[in-house]
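Trainee:
If you want it as structure tokens, here you go:
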């Protein structure tokens with residue numbers, strides 16, 4: 080039996096996500112955007128709730144195509160609010176659209192969103208090597224700065240906790256506990 084971070088032990092879906100995605104460095108803009116949207120919808124909810132609805136989100140949000148999402152009409156947004164397969168929060172749906180627009184503005188400025196966001200960690204993952212889950216932080220000085228910069232650029236639902244979770248998910252920060260098999 081593999082040792083894993085304790086947060087993922089409650090379901091096979093969680094284990095699969097932990098083993099194959101969480102904490103693995105992501106540099107392509109499309110995947111970074113997907114995680115950003117999912118994390119913003121997760122705000123105030125559990126991550127397993129989002130994972131359980133992830134395929135529904137993919138279908139509802141055009142496979143997280145930020146160019147399409149940026150152009151969503153009011154009618155499309157209303158359609159999303161009627162979709163029981165996703166989180167039906169009006170502010171979060173609207174933020175997906177405004178975040179897609181802001182995402183593309185950063186791409187124009189930096190060439191890629193990846194270059195922008197990875198710049199906050201000098202282009203390489205921070206390896207915290209926590210011994211237990213209790214040592215894993217919810218925010219850091221870096222997530223505070225990144226959150227403020229994203230907000231300044233027009234992003235919504237990107238508080239420091241959401242940003243830190245995004246950094247963990249996309250491998251900017253490695254918070255796998257020391258005895259987790261994924262460190263090997």
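Numbering (my numbering), first residue to last: 80 to 263. Glycine residues also receive a C-beta, built at the ideal position from the N, C-alpha and C atoms.
Please classify residue 185: does DSSP put it in a helix, a strand, or coil?
Mentor: Translated into positions along the chain shown, residue 185 becomes position 106. Looking at residue 185 - three-state DSSP - the assignment turns out to be helix.
Trainee: When you compare the CB positions of residue 172 and residue 160, do they come within less than 8 Å of one another, or not?
Mentor: The residue you call residue 172 lines up with position 93 of the chain shown. The residue you call residue 160 lines up with position 81 of the chain shown. Their beta carbons are under 8 Å apart, which means residue 172 touches residue 160 by this criterion.
Trainee: Cβ of residue 108 within 8 Å of Cβ of residue 192?
Mentor: On the chain shown, position 29 is the one that residue 108 refers to. On the chain shown, position 113 is the one that residue 192 refers to. Cβ atoms of residue 108 and residue 192: closer than 8 Å.
Trainee: Tell me which residues share the same chain as residue 217 and place their Cβ nearer than 7 Å to its Cβ, disregarding the 5 neighbours each side in the sequence.
Mentor: Position 138 of the chain shown holds residue 217. Same-chain partners within the cutoff: 240, 243.
Trainee: Candidates 98, 80, 104, 91: which alpha carbon is nearest residue 205's?
Mentor: For this step, residue 205 is matched to residue 126 along the chain shown. The candidate whose alpha carbon is nearest that of residue 205 is 104.
Trainee: Could you say if the stretch 145-155 and the stretch 178-194 meet the contact criterion of at least three C-beta pairs nearer than 8 Å?
Mentor: The stretch 145-155 is in contact with the stretch 178-194.
Trainee: By how many angstroms is the C-alpha of residue 170 removed from the C-alpha of residue 141?
Mentor: The residue labelled residue 141 in the question sits at position 62 within the chain shown. The residue labelled residue 170 in the question sits at position 91 within the chain shown. Looking at the two C-alpha atoms, the distance is approximately 19 Å.
Trainee: Do residue 255 and residue 118 have their C-beta atoms closer together than 8 Å?
Mentor: Mapped onto the chain shown, residue 255 falls at position 176. Mapped onto the chain shown, residue 118 falls at position 39. Their beta carbons are not under 8 Å apart, which means residue 255 does not touch residue 118 by this criterion.
Trainee: In chain order, what residues of the same chain lie with their CB nearer than 7 Å to the CB of residue 167, ignoring the 5 residues before and after it?
Mentor: Counting from 1 along the chain shown, the entry for residue 167 is found at position 88. Only 160 meet the Cβ criterion.
Trainee: According to DSSP, is residue 116 helix, strand or coil?
Mentor: Working through the chain shown from its first residue, we reach residue 116 at position 37. Note: residue 116 maps to helix in three-state DSSP.
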